[in-house]
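Take the sequence shown: its position 70, counting from 1, is numbered 70 in the UniProt record's numbering, and each next residue is one higher. We put the CB at the ideal spot given by N, CA and C, even for glycine. Note that this is a predicted model, so its numbers are computed, not measured. Here the structure comes first, spelled out in structure tokens, and everything after it is commentary.
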Amino acid sequence: MRQHRVVDSPYGPLTLVATDGRLSGLYMTEQRHRPPEESFGDRNPRILGEAVRQLDACFTGGLKEFDLAPALDGTPFQRGVWARLQQIPYGETRTYGELAESLGNPAASRAVGLANGRNPVGIVVPCHRVVGAAGGLTGYGGGLDRKRRLLAFEAGGAGAGGAAVLDPAGPSAPRPAA
Numbered sequence: 001m002r003q004h005r006v007v008d009s010p011y012g013p014l015t016l017v018a019t020d021g022r023l024s025g026l027y028m029t030e031q032r033h034r035p036p037e038e039s040f041g042d043r044n045p046r047i048l049g050e051a052v053r054q055l056d057a058c059f060t061g062g063l064k065e066f067d068l069a070p071a072l073d074g075t076p077f078q079r080g081v082w083a084r085l086q087q088i089p090y091g092e093t094r095t096y097g098e099l100a101e102s103l104g105n106p107a108a109s110r111a112v113g114l115a116n117g118r119n120p121v122g123i124v125v126p127c128h129r130v131v132g133a134a135g136g137l138t139g140y141g142g143g144l145d146r147k148r149r150l151l152a153f154e155a156g157g158a159g160a161g162g163a164a165v166l167d168p169a170g171p172s173a174p175r176p177a178a
């Protein structure tokens, strides 16, 4: 059974999707590869309390690594890439090529990029920590501005726009961009 809830964040509203009670999607507004809204199931503001608590702790600087077991639906290659993403330490980045090498296929950097872009639970599985070969910001399903802000926040900058606490009731008003 699929259900969803919407929570506010420093990066705009986040739609959290649960499949059989486990986090299976975390989508930003205007996100590339965002599934249709009708696929999220019924809205239930009481689901995924632990995921919301951990996201809140992350956005206030108190959590550097998520302790969730998301239900990731993808090909074996995609799941391998997503597992590698979870090994990138907080505040650090890796290139697509480095991820491809770590998977034993240095020529697969483009395929790694495609799998990275299909990550269904961004932030929790930190696809924003992957950069281009020269270290530059390249594609991010949530948009390059969000990627820049997430990386700045993790580096200790003001990328999140100050202290940010999720509103479990959902977004009430648009937040100004930082």
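Residue from A69, G91, G80 whose Cα sits closest to the Cα of V112: G80
DSSP bridge partner residues for V6 (one or two, in chain order): T15
Residue environment, D42, which counts as buried when at least 16 other CB atoms sit within 10 Å: exposed
Residues of its chain near A69, where Cβ-Cβ distance is below 7 Å and the 5 sequence neighbours each way are ignored: R22
Inter-residue Cα distance where the pair is V124 and V7: 14 Å
Strand pairing of residue 182, partner residues [DSSP]: Here the chain covers residues 1 to 178 and nothing more, so residue 182 does not appear.
Residue span of the alpha helix (DSSP H) that contains S102, given as start and end: 96 to 102
Rounded C-alpha distance that separates E30 from N105: 32 Å
Range covered by the alpha helix (DSSP H) that runs through N116: 109 to 117
Candidates E92, G62, R5, L150: closest to G122 by CA position: L150
Unbroken alpha helix (DSSP H) run spanning L63, endpoints: Where L63 is concerned, there is no enclosing alpha helix (DSSP H), given that its DSSP letter is neither H nor E.
L85 versus Y140, T138, H128, R146, residue with shortest Cα-Cα distance: H128
Option in D67, E101, E37 with minimal Cα separation from L48: D67
Length of the line joining the Cα atoms of Q78 and H33: 14 Å
Anticipated Cβ contact below 8 Å, S24 with P89, distance rounded: That belief does not hold up - the Cβ atoms of S24 and P89 are roughly 25 Å apart, past 8 Å.
Rounded separation between residue 210 and T19 - CA only: Because the chain spans 1 through 178 in this model, residue 210 falls outside it and cannot be assessed.
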